[in-house]
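K.L.:
Once you've had a glance at the structure underneath, I'll fire off some questions.
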Amino acid sequence: MKSIIKTAKQFAINGSIASIEPYGNGHINTTFLITTDTDSQYILQKINTSVFKDPYQLMDNIVRVTTYLKNQVASRGGDPDREVLGIVPTVEGDSYTVQDNSAWRLLTFVKDSITFQVIDDPKNFYYAGKAFGNFTSQLDQFPADTLFETIKNFHNTPSRYKDFEAAVERNASGKAADVCDEIEFVRQRKDFCSLFTDKIKDGSLPLRVTHNDTKLNNVLFDKHTKLPVAVIDLDTVMPGLSLYDFGDAIRFGTNPADEDEKDLSKVFCDLELFEAFTRGYLEACGNLLCPEELEMLPYAGKMLTLECGMRFLADHIAGDVYFKIHRENHNLDRARTQFKMVKDMEEKHDQLTEIVQRLIKEIL
Ligand code: ADP
Ligand code: GN1
Ligand code: MG
C-alpha cells in the first residue's frame, strides 16, 4: 500500500490521501478508488502493460480523444467534466507515470455514478445503446488515421482464430484434451469468422473511430436518475467497425446472467434487451450507418461473442495469462457462457433480423 500511496502522490491531487481501496470489475487493469481529506475522489489505475505494450501511445490516444469529446460536449451545452473521462496529470504535467516498471494513471472519479454488471431494467440497456451510439456519432469527424493501434488486430476475428489454434497447438496448461467439445465448437464456426473482415477488404464496411470494448460496465450511469453519464475505458479506442461496438455490447448486455455464470440454463440472448439496445443505438447513430452496416447488425452479436469466447478459451488453454481470473477454470466458465450465447443467437437469428429491420423502418 505504501508504494501505491507513493505513486498517487505523483499526481496533482486535491488534498491529502485519506483512503485507497480496490475498485471495479475490469479484467485488464488494476483499479483503485482514492478519497482525499477534502472529499475529492479519483480512480488510480495500474495500466496492464503486458496487454498495452506502449503506455505512451495508449495515453496519447486517450488524451486526444477526450480533449476532442470535451469540446463536442461543451459545444452541445453538456458538462464536459462529468460526461467525458477526465485525465489528471502528474505534478510534472504528464498523462501517466512509471513507478517500479509499471505505468499508472489517475482519472477524475465521476461522482454518484454506478456501473451495471447485468441489466435488470431494459430501459437501462436502451440508454447504454444511446451512450455508445452517441460516442460513435461524436467521434464521426475525428481523424481516425492519427490514432495509434493500441492492440494490433484487436477485433480481427480470423486473426483471433489463428491465435486460438496456436494456443491449442502449444497447449501450455496441458488442459486442451479436457476441452475438446469447446474447441470443436469454435472450429465448426471457422468460416463465419471472416464475414466482416472480407467486407473491410472489399470496401463495403467502413472503418470508423470505435470504442472496441463496449461492455455494459464501461458506461457510467447516474446513481439517482439511472441515466448514462460517461463512456469510460477508452484504452481500445481505435479505427474499427461500428459492428464491433454494437456486437460487443449485445454480447455482454443481452445475457441476463453474469459473464462467468456456471449454470448455463440462465444464459441466453434476451430479445427484449436486444431490442432495447438496438433502439438506443440506432436513435443515436443509425443515420451515420451505411446499408451494409445496417444489414450486418443481426450478425454482430454472434461475431463478437464467438471471438470473445475463443479468446477466453485460448487463455484457459494458455494458462490464464491475459484475463484476470478469480477462481479455477474461470476463463473456461467465461468461454462456456459465450458459446451458449452464440448458440442461442444462431437459433434466434431470424428474430434478431426481424427486430433490426422493424427498428430501421421505425427510426431511420
Ligand atoms: P478495465 O480495463 O480493467 O476494465 P476500467 O477503466 O473499465 O478498467 O475500470 C474498471 C472499473 O472502474 C469500471 O468498470 C468502473 O466501475 C470503474 N471506473 C473506471 N473509471 C472510472 C471513473 N472515471 N469514475 C468512476 N468509476 C470508474
Ligand atoms: C476485457 O477491460 P475490460 O474488462 O473492460 C477485454 C475485452 C473483452 C472483455 C471481456 C483490452 O475488457 O476485449 O471483451 O474483457 N479488454 C481487453 O469481458 O482485452
Ligand atoms: Mg472496463
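Quick note on my numbering: the sequence shown kicks off at -9 and runs consecutively.
Built from N, CA and C at the ideal position, the CB exists for glycine as well.
Within the same chain, show all residues whose beta-carbon is closer than 6 Å to that of Ala290, passing over the 5 residues directly before and after it, in chain order.
P.N.:
Leu233, Phe236 and Gly237
K.L.:
Based on Cα-Cα distance, which residue from Lys330, Gln178, Met(-9) and Gln347 lies nearest to Asp260?
P.N.:
Lys330
K.L.:
Out of curiosity, what's the CA-to-CA distance linking Val88 and Thr80?
P.N.:
11 Å
K.L.:
Could you name each continuous beta strand (DSSP E) segment of 3 residues or more that falls completely within the region 204 to 287, going from the start of the chain to the end?
P.N.:
List check, beta strand (DSSP E) in window: 209 to 212, 218 to 221 and 228 to 230.
K.L.:
Rounding to the nearest angstrom, what Cα-Cα distance links Thr20 and Gly68 in this structure?
P.N.:
About 30 Å.
K.L.:
Following a CB-centred definition, is Lys313 positioned closer than 7 Å to any heavy atom of the ligand ADP?
P.N.:
Before going on, a small fix: residue 313 reads as Phe here, not Lys. No, the ligand ADP has no heavy atom inside 7 Å of this Cβ.
K.L.:
Counting Cβ pairs, one atom from each stretch, are 3 or more of them under 8 Å apart for the region 240 to 259 and the region 41 to 57?
P.N.:
no
K.L.:
Does the distance between the C-beta of Thr105 and the nearest non-hydrogen atom of the ligand ADP fall short of 7 Å?
P.N.:
In this structure, the C-beta of Thr105 approaches the ligand ADP to less than 7 Å from one of its heavy atoms.
K.L.:
What are the residues that DSSP puts in a beta bridge with Ser9?
P.N.:
Paired residues: Thr25.
K.L.:
Please report how far the alpha carbon of Glu336 lies from the alpha carbon of Lys314, in whole angstroms.
P.N.:
Rounded to the nearest angstrom, the two C-alpha atoms are 29 Å apart.
K.L.:
Would you list the residues sitting across from Arg356 in a DSSP beta bridge?
P.N.:
Given a span of -9 to 354 for the chain in the structure shown, any question on residue 356 remains unanswerable.
K.L.:
Identify whether Lys(-8) lies in helix, strand or coil by the three-state DSSP scheme.
P.N.:
helix
K.L.:
Please tell me whether, using a cut-off of 7 Å, the distance from the CB of Ile345 to the nearest non-hydrogen atom of the ligand GN1 is below it.
P.N.:
no
K.L.:
In angstroms with no decimal places, state the Cα-to-Cα distance between Arg95 and Asn208.
P.N.:
17 Å
K.L.:
When DSSP labels each residue in this structure, what does Arg95 get in the three-state scheme?
P.N.:
strand
K.L.:
Measure the beta-carbon distance from Val257 to Thr327 and round it to whole angstroms, keeping in mind my assumption that it falls under 8 Å.
P.N.:
5 Å
K.L.:
Determine whether the beta carbon atoms of Phe358 and Met228 lie at a separation below 8 Å.
P.N.:
This structure leaves residue 358 out entirely; the chain is present only between -9 and 354.
K.L.:
What is the DSSP secondary structure of Tyr312, reduced to helix, strand or coil?
P.N.:
coil
K.L.:
Counting pairs of Cβ atoms below 8 Å between the region 157 to 170 and the region 301 to 308, do you hit three or more?
P.N.:
The region 157 to 170 makes contact with the region 301 to 308; the number of CB pairs closer than 8 Å reaches 3 or more.
K.L.:
Looking at C-alpha atoms only, which residue of Asn146, His316, Leu272 and Glu172 is the closest neighbour of Gly230?
P.N.:
Asn146
K.L.:
Given a cut-off of 8 Å on the beta-carbon distance, is the pair Leu342 and Glu282 in contact?
P.N.:
no
K.L.:
Excluding the 5 residues preceding and the 5 following Asn319 in the sequence, name in chain order all residues of the same chain whose CB lies nearer than 8 Å to its CB.
P.N.:
Setting aside the 5 residues that flank it on each side, Asn319 is surrounded in the same chain by His306, each with a C-beta closer than 8 Å to its C-beta; the list follows chain order.
K.L.:
According to DSSP, simplified to helix, strand and coil, what is Leu437?
P.N.:
Only positions -9 to 354 of the chain appear in this structure, which leaves residue 437 out of reach.
K.L.:
Measure how close the beta-carbons of Leu303 and Arg241 come, nearest whole angstrom, since I'm counting them as under 8 Å.
P.N.:
With a Cβ gap of about 15 Å, Leu303 and Arg241 do not count as contacting.
K.L.:
Among Asp334, Ala220, Val346 and Ala93, which residue has its Cα nearest to the Cα of Ser255?
P.N.:
Per the Cα distances, Asp334.
K.L.:
Locate the alpha helix (DSSP H) running through Thr57, then write down its first and last residues.
P.N.:
The continuous alpha helix (DSSP H) containing Thr57 extends over residues Pro45 to Ser65.
K.L.:
With a CB to CB cut of under 8 Å and the five nearest residues on each side skipped, what residues in its chain are close to Lys(-1)?
P.N.:
Ile7
K.L.:
Could you check whether the Cβ of Ile173 sits closer than 8 Å to any Cβ belonging to chain B?
P.N.:
Absent from the structure is chain B; it holds one protein chain and no more.
K.L.:
Relative to the ligand MG, what is the chain-ordered list of residues with a Cβ closer than 5 Å to any of its non-hydrogen atoms?
P.N.:
Counting only residues whose CB is nearer than 5 Å to a non-hydrogen atom of the ligand MG, the list in chain order is Gly16, Asn208 and Asp223.
K.L.:
Between Leu206 and Ile222, is the Cβ-Cβ spacing less than 8 Å?
P.N.:
no
K.L.:
By Cβ distance below 8 Å, which residues in the same chain neighbour Asp50 in space, the five residues on each side in sequence not counted?
P.N.:
By the criterion of a C-beta distance shorter than 8 Å, Asp50 is surrounded in its chain by Ser85 and Phe138, once the five residues flanking it on both sides are discounted.
K.L.:
When the Cα atoms are used, what is the spatial distance from Asp153 to Gly16?
P.N.:
23 Å
K.L.:
Would Glu73 be called buried (16 or more neighbouring beta carbons within 10 Å of its own) or exposed?
P.N.:
buried
K.L.:
If you drop the 5 nearest sequence neighbours on each side, which residues of the same chain put their C-beta closer than 6 Å to that of Cys275?
P.N.:
Gly123, Thr126 and Ser127
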